[in-house]
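A.B. asks:
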Amino acid sequence: MIPKLLWVHQTITTTPENCGSADATATVNGVFASVQWYDLLNNPLGTNATQGSLSSTGTYHVVVTNTAGCDTTINGITVSAIGTNPTVLTSNATGDAACFGTSVIFTATTTGATLYEWSDDGVVVPSETGSTFTTAGLTVGTHNIVVRSQQGACWSTSNTLVFTVHALPNVTITTTPENCGSADATATVNGVFASVQWYDLLNNPLGTNATQGGLSSTGTYHVVVTNTAGCDTTINGITVSAIGTNPTVLTSNATGDAACFGTSVIFTATTTGATLYEWSDNGVVVPGETATTFTTAGLTVGTHNIVVRSQQGACWSTSNTLVFTVHGYPTITSIVDNMPLTICGSDIITYTITVVGGTPNYTVSLVQSTHPYVLVAPNNQPNVTVTSSGGTAQFDVRLATPPASGTQITGFTTGYIVIDSNGCYEP
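Counting along the sequence shown from 1, when you hit position 381 you're at 394 in this note's numbering, and nothing is skipped either side.
Below is the structure:
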């Protein structure tokens with residue numbers, strides 16, 4: 014007896030689906046008595062060796078029978094595809110949602126695509142042609158993100174990803190001032206939010222209530238506010254004003270906090286909101302001075318400690334101490350000459366000037382006379398430096414136009430000025 018053939022040897026060849034058109038094929042290679050194709054639900058398809066109109070989303074099987082009546086079933090037949098629909102994913106946003114300003118990455122998953130076109134609410138995003146689309150510029154609201162991908166001549170469109178961008182908290186801050194340096198100022202977050210956290214300048218946590226107390230006008234604070242969508246905003250640089258702040262004393266017309274005796278000096282207190290001032294000089298209150306400026310030409314020679322107190326509401330505050338110096342000025346104690354008031358012709362007069370007071374060195378200058386004169390040797394310099402108190406300066410002069418022989422000039426006198434090293438001189 015001839016044994017019956019018990020198996021069928023066959024192979025399957027497929028062609029891919031093109032552009033989602035369900036035009037893929039699968040072919041049983043070889044010659045057989047019969048072929049029957051089925052889809053996944055066991056619905057019969059064709060009976061030819063080649064089965065067309067297959068889709069990349071389907072799964073198929075085929076029953077092949079040879080001439081001996083033996084059959085074999087080939088299961089799990091699938092076909093590939095050119096131009097499959099990509100799926101949009103967000104890699105860094107939980108629940109397809111993010112806060113405004115957050116960088117979001119959308120990713121298209123597909124195989125073989127060479128070009129992508131992204132759109133947001135139907136508007137193509139320029140220059141985005143890769144498999145990912147990264148942006149931090151989405152506006153608050155709902156965005157319908159779609160991507161088209163090209164593979165060969167095929168374009169396919171993804172599902173629509175509905176992405177939500179939540180607004181950040183809209184925060185305003187209200188403060189109350191510190192009172193008399195007692196660090197009792199407050200700052201309040203206006204509105205209702207999921208959470209509030211206050212911090213000082215060193216990032217130490219403070220309270221979690223909308224209103225934070227115990228603030229000082231010398232401090233700087235910040236607050237993190239989170240809304241119900243989980244989005245937070247940080248408000249930096251929060252400061253509070255103060256009632257009764259310390260003013261700072263300045264002099265507006267005295268270089269280096271110093272002046273010569275008799276000079277008018279203006280002291281100014283800088284503060285905000287004060288209504289009354291009290292000035293003192295070396296611990297003694299200056300009567301009648303209750304304004305922001307204190308003007309005086311009566312300070313004595315020496316060192317003066319100027320202080321001002323200012324009142325704002327019920328608060329009094331005291332300024333820093335301004336150390337102010339008043340310099341004395343030099344004086345001429347004597348002018349000695351070798352001639353009487355009546356002179357003749359080209360007589361030379363020698364003047365000797367003695368200087369005391371002020372701060373050496375001194376510069377002595379001859380500045381005027383009752384008659385025109387010229388300086389002559391040996392003491393013919395217009396300015397003479399005197400290095401110590403009690404020192405002298407000498408000038409030699411004669412009349413610029415000597416009178417005729419035998420004529421006398423009566424009442425010839427000269428004037429001088431002395432300036433010390435502080436620039437002070439006798440008024």
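Ideal Cβ placement from N, Cα and C applies to all residues, glycine included.
Thinking C-alpha only, which one of GLY341, THR376, THR224 and SER169 is nearest ASN31?
C.D. replies: Your numbering for residue 31 matches position 18 in the sequence shown. It is SER169 whose Cα lies nearest to the Cα of ASN31.
A.B. asks: Kindly indicate the opening and closing residues of the beta strand (DSSP E) around VAL377.
C.D. replies: Here residue 377 refers to the residue found at position 364 when the sequence shown is read from its first residue. Its beta strand (DSSP E) spans residues 375-382.
A.B. asks: Taking 8 Å as the threshold (C-beta atoms), are VAL399 and LEU335 in contact?
C.D. replies: To locate residue 335, count along the sequence shown from 1; it is residue 322. To locate residue 399, count along the sequence shown from 1; it is residue 386. No.
A.B. asks: Please confirm whether ASN374 and ILE362 have their CB atoms less than 8 Å apart.
C.D. replies: Stepping through the sequence shown from its first residue, residue 374 is reached at position 361. Stepping through the sequence shown from its first residue, residue 362 is reached at position 349. No, they are not a contact pair.
A.B. asks: Whole angstroms is fine: what's the gap from ARG322's alpha carbon to PRO300's?
C.D. replies: Within the sequence shown, numbered from 1, the residue matching residue 322 stands at position 309. Within the sequence shown, numbered from 1, the residue matching residue 300 stands at position 287. In a straight line, the C-alpha of ARG322 is about 13 Å away from that of PRO300.
A.B. asks: If I measure Cβ to Cβ from THR188 and keep anything under 6 Å in the same chain, skipping five residues before and after, which residues do I get?
C.D. replies: Taking the sequence shown and counting its residues from 1, one reaches residue 188 at position 175. ALA200 and VAL253.
A.B. asks: Once the 5 residues before and after ALA61 are set aside, which same chain residues still bring their CB inside 7 Å of it?
C.D. replies: Here residue 61 is taken as the residue at index 48 of the sequence shown, counted from 1. The sequence given here places Asn at residue 61; Ala does not occur at that position. Closer than 7 Å at Cβ, skipping near neighbours: VAL48.
A.B. asks: Could you pull out every residue in the same chain whose Cβ sits closer than 6 Å to the Cβ of ALA365, ignoring the five residues on either side in sequence?
C.D. replies: By 1-based counting over the sequence shown, the position of residue 365 is 352. The residue you asked about is not Ala; residue 365 is Thr in the sequence shown. Cβ within range, chain order: VAL349, THR405 and GLN407.
A.B. asks: Since ASP294 is in the beta strand (DSSP E), which residue starts that stretch and which ends it?
C.D. replies: Residue 294 sits at position 281 when you count from the first residue of the sequence shown. Element bounds for ASP294: 289-294.
A.B. asks: Since VAL238 and VAL297 should fall inside the 8 Å C-beta cutoff, what is the C-beta to C-beta distance between them, to a whole number of angstroms?
C.D. replies: Stepping through the sequence shown from its first residue, residue 238 is reached at position 225. Stepping through the sequence shown from its first residue, residue 297 is reached at position 284. Not really, about 53 Å apart at Cβ, beyond 8 Å.
A.B. asks: Let me confirm a value: ALA39 is counted as buried when at least 16 other C-beta atoms fall within 10 Å, else exposed. Which label applies?
C.D. replies: Working through the sequence shown from its first residue, we reach residue 39 at position 26. By the neighbour-count rule (16 or more Cβ atoms within 10 Å), ALA39 is buried.
A.B. asks: Helix, strand or coil for GLY135, going by three-state DSSP, please let me know.
C.D. replies: In the sequence shown, residue 135 corresponds to position 122, counting from 1. Three-state result, GLY135: coil.
A.B. asks: If you measure between the beta carbons of TRP211 and GLY220, is that distance less than 8 Å?
C.D. replies: Counted from its first residue, the sequence shown places residue 211 at position 198. Counted from its first residue, the sequence shown places residue 220 at position 207. Yes, the Cβ-Cβ distance between TRP211 and GLY220 is below 8 Å.
A.B. asks: When the Cα atoms are used, what is the spatial distance from ILE25 to VAL41?
C.D. replies: Start at 1 with the first residue of the sequence shown, and residue 25 comes out as number 12. Start at 1 with the first residue of the sequence shown, and residue 41 comes out as number 28. Looking at the two C-alpha atoms, the distance is approximately 5 Å.
A.B. asks: Going straight from the alpha carbon of ALA207 to that of CYS167, what length do you get?
C.D. replies: Taking the first residue of the sequence shown as position 1, residue 207 is located at position 194. Taking the first residue of the sequence shown as position 1, residue 167 is located at position 154. When rounded, the distance between both Cα atoms is 49 Å.
A.B. asks: Under 8 Å between the Cβ atoms of ALA310 and THR276?
C.D. replies: By 1-based counting over the sequence shown, the position of residue 310 is 297. By 1-based counting over the sequence shown, the position of residue 276 is 263. In contact: ALA310 and THR276 (Cβ atoms closer than 8 Å).
A.B. asks: When DSSP labels each residue in this structure, what does GLY243 get in the three-state scheme?
C.D. replies: Translated into the one-based positions of the sequence shown, residue 243 becomes position 230. Looking at GLY243 - three-state DSSP - the assignment turns out to be coil, as it is neither helix nor strand.
A.B. asks: Mapping DSSP to helix, strand and coil, what is GLY33?
C.D. replies: As a first step, residue 33 is located in the sequence shown; it is residue number 20 there, counting from the start. Three-state result, GLY33: coil.
A.B. asks: Using a Cβ-Cβ cutoff of less than 6 Å, which residues in the same chain neighbour SER347 once the five nearest sequence positions on both sides are dropped?
C.D. replies: On the sequence shown, residue 347 is found 334 positions in, with the first residue counted as 1. Excluding sequence neighbours, SER347 sits near THR367.
A.B. asks: Taking its Cβ as the centre, do 16 or more other Cβ atoms sit within 10 Å of LEU53, making it buried, or is it exposed?
C.D. replies: The residue given as residue 53 occupies position 40 in the sequence shown. Its Cβ having fewer than 16 others within 10 Å, LEU53 is exposed.
A.B. asks: Take the Cβ of THR185 as the centre, count every other Cβ of all protein chains shown within 10 Å, and call the residue buried at 16 or more, exposed below.
C.D. replies: Position 172 of the sequence shown, counting from 1, holds the residue named residue 185. Exposed: under 16 other Cβ atoms inside 10 Å.
A.B. asks: Are the beta-carbon atoms belonging to TYR386 and ALA417 less than 8 Å from one another?
C.D. replies: Here residue 386 refers to the residue found at position 373 of the sequence shown. Here residue 417 refers to the residue found at position 404 of the sequence shown. Their beta carbons are not under 8 Å apart, which means TYR386 does not touch ALA417 by this criterion.
A.B. asks: Give me the Cα-Cα distance between THR27 and SER69, rounded to the nearest whole angstrom.
C.D. replies: Indexing the sequence shown from 1 puts residue 27 at position 14. Indexing the sequence shown from 1 puts residue 69 at position 56. Whole-angstrom Cα-Cα distance: 11 Å.
A.B. asks: Applying the criterion that 16 or more other CB atoms from any shown protein chain within 10 Å of the CB defines a buried residue, is GLN325 buried or exposed?
C.D. replies: The sequence position of residue 325 within the sequence shown is 312, counting from 1. Its Cβ being crowded by 16 or more others within 10 Å, GLN325 is buried.
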